[in-house]
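Visitor:
2 protein chains.
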Amino acid sequence: MRATVDPDMGARVHEAICGLGIAVRTNAHVQGLETGDGRVRRVVTADGALPADIVVLGLGVRPNTALAADCGIPVGVTGGVPTDLRMRVVGPSGPVEGLWAAGDCVQTTHLVSGQPVHVPLGTHANKQGRVAGINIGGGYATFPGVIGTAVTKVCDLEVARTGLTEKEAHDAGFAFVTATVESTSRAGYYPGAASMVIKLIAEKRTGLLLGGQIVGREEAAKRIDALAIALWNRMTVDEMTALDLSYAPPFAPVWDPVLIAARKAADTVHHAG
Amino acid sequence: MRATVDPDMGARVHEAICGLGIAVRTNAHVQGLETGDGRVRRVVTADGALPADIVVLGLGVRPNTALAADCGIPVGVTGGVPTDLRMRVVGPSGPVEGLWAAGDCVQTTHLVSGQPVHVPLGTHANKQGRVAGINIGGGYATFPGVIGTAVTKVCDLEVARTGLTEKEAHDAGFAFVTATVESTSRAGYYPGAASMVIKLIAEKRTGLLLGGQIVGREEAAKRIDALAIALWNRMTVDEMTALDLSYAPPFAPVWDPVLIAARKAADTVHHAG
């Protein structure tokens, strides 16, 4: 399964989850589930059995494209249904008149890598549904693609990402540098200031932002939207250092963590030559 | 004094502050302060006197440019010292070799209106000081200007703005439309979801974002950075509807309030023709 964040950021999430008193076991091959009295009792792994009251299987998501196949539509390389910008299904000889698709079943374009991807998130499904609906109704709307933004929360731990991870950037063919900074959600002296870590990935030489990841507490994760919009607009990390972001002590240090990360990334690009 | 937000958004702030049990009296001309036993006792206004333990005067900020005047540098139309992009002071015949200025004393450029402005905020002062320092040290850095981002907090009420207000847009010569939406900081069903209002100002016909204002509670104000970066990159509100912003129920409705505002603004631009 594709990792959502890089291993160094994942290690921070791992550590924080362990700090909540949760045992995390990775690479533990599950061989079976033992049941008794009509419910699960133990999970059997290669390293031994673990008692269990509930088992949640997070196995990823695959698009259900049987309907498309029945219509003679070949699925894309990601297993999703290919569409054009207006969400018209694309068949062997181009967009098919009167045939539309939107949501978790479709393949879309990653605007940073330029590659087709399958990203089954509710926010994309909503946008695609709206675009398809407008076009079906005779209007005009387009869904240009995605840049891989996602956010989640484990108790008070916030994790967010946008763009490409290191592995994804590598697989897409980019040469890149990374910069990781630790800062705070508010001015350091302000009550409730919480630590956050931001990692940026920028293209070597050009300094174009390729991706960002955030691990922090309250008020951390939504800063990913700032990175997402910078990325969407093909900003370089050097340009980003001048951004006029909001500052007041309850909301950020005088240099917002996003700007501190951009500065470090810009310096890294510069020194990498 | 220039209003920081439009009257309709200011009314929401007014109402929220009154809700905190604070009496707000605007347009109350202060005629004098009465003292007794070595401290202030009453504020005398045209409408009568008010008892007072502490008086805080918020009178705005004017740049102290005496040093520049002593050097024969004429101040700009805003009263601030004009500089070039590298923070070199600009005299009557161009940038002056070896003379630099940064911080609350300088005049800068508003990147939306194109007009010179004086915006004495710590975040600009920090950036300008860094740019001046890098250039003085033989490096290269520029401060392109500002877009009018600001944020503040009154108890748990958050207020933020970026770009131009309606009055500023009008004064700059723009024809524009506005769109105001009410949404929530999290999915409506998620604990702690708080109401927030976002207002966007977009150029008529082109739909270019010109400004945004937010009034809300926790997790509201920092969304102004998303608007600030969209504005910085000259996005239209229509383009903004496709932005890949982060979604999970603890962080936003499935359409982030920023996207809902962009949709309404785009529809408004469209219908205004």
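Quick note, the sequences are listed as chains Z and U, same order. Residue numbering for the first sequence follows the working numbering, beginning at 1 and increasing consecutively. Residue numbering for the second sequence follows the working numbering, beginning at 1001 and increasing consecutively. Using N, Cα and C, we set each Cβ at its ideal position, and we do this for glycine too.
Which complete beta strand (DSSP E) runs does the region 135 to 170 of chain Z hold, if anything under 3 residues is left out?
Guide: 150 to 154 and 157 to 163
Visitor: So with CB distances below 9 Å, who are the chain U contacts of Z:ALA150?
Guide: SER1246, TYR1247 and ALA1248
Visitor: Are the Cβ atoms of U:ALA1261 and U:SER1195 separated by less than 9 Å?
Guide: Contact: no.
Visitor: Which chain U residues sit within Cβ distance under 7 Å of Z:ALA160?
Guide: SER1246
Visitor: Spell out whether any CB of chain Z is found under 9 Å from the CB atom of U:THR1268.
Guide: no
Visitor: Residue range of the alpha helix (DSSP H) that Z:PRO290 falls in?
Guide: The structure shown does not extend to residue 290 of chain Z, since chain Z is modelled only from 1 through 273, so no value can be given for it.
Visitor: Whose Cβ in chain U lies nearer than 8 Å to the Cβ of Z:GLY122?
Guide: TYR1247 and VAL1254
Visitor: Contact check, U:ALA1179 vs U:ALA1265 under 8 Å by CB: the rounded distance?
Guide: Approximately 4 Å separates the beta-carbon atoms of U:ALA1179 and U:ALA1265; this is inside 8 Å, confirming the contact.
Visitor: What's the C-alpha gap between U:ILE1134 and U:TYR1140?
Guide: 6 Å
Visitor: Does DSSP put U:ALA1242 in a helix, in a strand, or in coil?
Guide: coil
Visitor: Can you grab the Cα-Cα spacing for the pair Z:GLY216 / Z:VAL117, in whole Å?
Guide: 28 Å
Visitor: Are Z:CYS105 and Z:THR45 close, meaning C-beta to C-beta below 9 Å?
Guide: no
Visitor: Identify the continuous alpha helix (DSSP H) that holds U:ILE1224 and give its terminal residues.
Guide: 1224 to 1232
Visitor: Can you tell me the Cα-Cα spacing of Z:LEU209 and Z:ALA230, whole angstroms?
Guide: Roughly 8 Å between the two C-alpha positions.
Visitor: Between the region 1028 to 1039 of chain U and the region 236 to 245 of chain Z, do at least 3 Cβ pairs fall closer than 8 Å?
Guide: no
Visitor: My guess is that Z:ALA132 and Z:ALA102 are in contact by the Cβ rule of under 8 Å, so how many angstroms apart are they, rounded?
Guide: 4 Å
Visitor: If distances are taken between C-alpha atoms only, which option among Z:CYS71, Z:THR78 and Z:ASP171 comes closest to Z:GLY91?
Guide: For the residues Z:CYS71, Z:THR78 and Z:ASP171, the minimum Cα distance to Z:GLY91 belongs to Z:CYS71.
Visitor: So which residues on chain U does Z:ASN126 lean against when the C-beta distance must stay under 8 Å?
Guide: VAL1254 and TRP1255, listed in chain order.
Visitor: If you check the beta carbons only, do U:ASP1244 and Z:VAL146 fall under 9 Å apart?
Guide: yes
Visitor: On the premise that U:LEU1111 lies in contact with U:PRO1144, defined as a C-beta separation below 8 Å, what is that separation, rounded to the nearest angstrom?
Guide: 7 Å
Visitor: To be precise: take each residue of the region 227 to 238 of chain Z, compare its Cβ to all Cβ atoms of chain U, and keep it if any distance is under 8 Å. Which residues remain?
Guide: ALA228, ILE229, ALA230, TRP232, ASN233 and MET235
Visitor: First and last residue of the alpha helix (DSSP H) that includes Z:THR268?
Guide: 257 to 272
Visitor: Below 8 Å on C-beta distance, what does U:GLU1219 contact in chain Z?
Guide: GLU219 and LYS222
Visitor: Please confirm whether any heavy atom of the ligand ATP lies closer than 8 Å to the CB of Z:GLY139.
Guide: With respect to the ligand ATP, the structure shown offers nothing to examine, as it has no ligands at all.
Visitor: Along the chain, where does the alpha helix (DSSP H) that runs through U:LEU1067 open and close?
Guide: 1066 to 1070
Visitor: Hey, could you find the ends of the beta strand (DSSP E) U:GLN1213 is sitting in?
Guide: DSSP places U:GLN1213 in the uninterrupted beta strand (DSSP E) bounded by 1209 to 1216.
Visitor: Give me the chain U residues within the contact set of Z:PRO144, using Cβ-Cβ distance strictly less than 8 Å, ordered along the chain.
Guide: ALA1242
Visitor: Pick helix, strand or coil for Z:VAL181, following the three-state DSSP scheme.
Guide: strand
Visitor: Could you pull the DSSP bridge partners for U:ARG1042 from this structure?
Guide: U:GLU1034 and U:PRO1051
Visitor: Would you list the residues sitting across from Z:LEU200 in a DSSP beta bridge?
Guide: Paired residue(s): Z:ALA179 and Z:GLY212.
Visitor: Give me the chain Z residues within the contact set of U:LYS1153, using Cβ-Cβ distance strictly less than 7 Å, ordered along the chain.
Guide: ALA248 and PRO250
Visitor: Please report the Cβ distance between Z:SER246 and U:ILE1224, rounded to the nearest whole angstrom; I am assuming they are in contact, meaning their Cβ atoms lie under 8 Å.
Guide: Yes, Z:SER246 and U:ILE1224 are in contact; Cβ-Cβ is about 5 Å, under 8 Å.
Visitor: At the level of alpha carbons, what is the spacing between U:GLN1213 and U:ILE1198?
Guide: 6 Å
Visitor: Secondary structure at Z:THR109, three-state DSSP: helix, strand or coil?
Guide: strand
Visitor: Pop quiz: U:ARG1041 and U:LEU1050 are said to be a contact at Cβ under 8 Å. What is the actual Cβ separation, rounded to whole angstroms?
Guide: Not a contact, Cβ separation roughly 10 Å.
Visitor: What are the residues that DSSP puts in a beta bridge with U:ARG1088?
Guide: U:TRP1100
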